[in-house]
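Heads up: the structure comes next, in structure tokens.
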Amino acid sequence: MSRQVVAPRYGGPEVLELRDREIAPPGTGRVLIRVLAAGVNPADTKRIAGRFGDDPSKLPLRPGSEVAGIVTAVGEDVAPAGRGIEVGQEVVAYPVVGGWADEVVAKAEHVFPKPGPLSFPAAANLLLAGTAAAHLVDVTGVGTGDVVLVHGASGGVGTLAVQLARLAGARVLGTTSDRNADLVRRLGAEPVRYGDGLVDRVRALAPGGVDAALDCVGTDEAVRASLALLADPGRLATIVAFEAVLAAGGKALGAGPGADPGTAFRNAARAGLIALADEGRLEVPVAATRPLAEASEALRVLARDHPGGKLALVP
8 MSRQVVAPRY
18 GGPEVLELRD
28 REIAPPGTGR
38 VLIRVLAAGV
48 NPADTKRIAG
58 RFGDDPSKLP
68 LRPGSEVAGI
78 VTAVGEDVAP
88 AGRGIEVGQE
98 VVAYPVVGGW
108 ADEVVAKAEH
118 VFPKPGPLSF
128 PAAANLLLAG
138 TAAAHLVDVT
148 GVGTGDVVLV
158 HGASGGVGTL
168 AVQLARLAGA
178 RVLGTTSDRN
188 ADLVRRLGAE
198 PVRYGDGLVD
208 RVRALAPGGV
218 DAALDCVGTD
228 EAVRASLALL
238 ADPGRLATIV
248 AFEAVLAAGG
258 KALGAGPGAD
268 PGTAFRNAAR
278 AGLIALADEG
288 RLEVPVAATR
298 PLAEASEALR
308 VLARDHPGGK
318 LALVP
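According to this note's numbering, the residues represented by the sequence shown are 8 to 322, in order.
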């Protein structure tokens, strides 16, 4: 028997249950993975709450869209699609369905060798946040010599956006709390405390304003400050504040109303993120891990504590 976290109804973290299940062998083009760590993301909270739709026929929900672990079985026709994925190999997989589990079946085309420098909890949190960060950097045209403002620079997407913008040649300023300023600095950005006076603090560091702004938090402050500091509102992109940023002439990315999901770009970006992490050029800060049985508490921590890095569930 294998365990899996499910949501039998829509609601808050309290609806989650850990259930036993039988898992079938992988079918054609699929891989069975023993999960050693599973990523925890704000999108999981939203899905469980019904913010992506509350169709009762979809219940019980099986949260968890990214994992890291070891291949234990492969179906037919895996070698061509899965780049030679083999039993015993350490891998990451994204997207998957039901990753908060002891085992998960994934399509082979979504399975990649785990980057050697990353722990399993870090690897399990690379691809969802990483592809979102890469999308932000791409659509705003970040390049050499740019001054870039990343809102939420110590968060899951923000930490990766900081690093990718730096790798693109930009100078990066990152909004954060005082508590997480050292993390932001270590990743290559200049930390700027959010809150009243943010625009003045940014201008003290960058008197000419900023060339691009990447919003990973969606607050009114983040949007207002970005527009005050940017010469071109078209170089503001958000993964949260869809309506406000679109109305101002910026770009909205992801699963929100009017947003560009960037599916083809994000799928293509996965291999590059894996390569950067494998070369030691991309870090995934992990703030904490929780046992699979504490999935509800992991979501509460994510919402309450702004932990500074990612969270992972460890079966």
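Note that CB positions come from ideal geometry on N, CA and C, so glycine has one too.
With respect to V103, G82 sits apart: the two C-beta atoms are not nearer than 9 Å.
Measuring C-alpha to C-alpha distances from D153 to each of A45, A177, V99, A141 identifies A177 as the nearest. R311 is classed as exposed because its beta carbon has fewer than 16 other beta carbons within 10 Å across all chains shown. For G279, there is no enclosing beta strand (DSSP E); the enclosing alpha helix (DSSP H) covers residues 270-285.
Taking the CA atoms as reference points, V146 sits about 42 Å from R28. The three-state reading of DSSP puts D109 in coil, since its state is none of H, G, I, E or B. For G181, the enclosing beta strand (DSSP E) begins and ends at 178-183.
Annotation for Q96: no alpha helix (DSSP H) segment contains it, and DSSP assigns it neither H nor E. Counting every other CB atom within 10 Å of its CB across the protein chains shown gives A254 a total below 16, marking it as exposed. Fewer than three Cβ pairs drawn from the stretch 285-296 and the stretch 61-80 lie within less than 8 Å of each other, which leaves the two stretches out of contact.
Under DSSP, P298 takes part in a beta bridge, and its partners are V321.
It is roughly 13 Å from the alpha-carbon of L171 to the alpha-carbon of I281. In this structure, V111 keeps its C-beta atom at 9 Å or more from the C-beta atom of R297.
One Cα belongs to R26, the other to N187, and the distance between them is close to 36 Å.
Of all C-beta pairs linking the stretch 44-59 to the stretch 128-136, three or more are shorter than 8 Å, placing the two stretches in contact.
The DSSP-derived three-state label of V291 is coil.
The way I'd put it, the stretch 117-131 doesn't touch the stretch 252-267; fewer than three beta-carbon pairs between them come closer than 8 Å.
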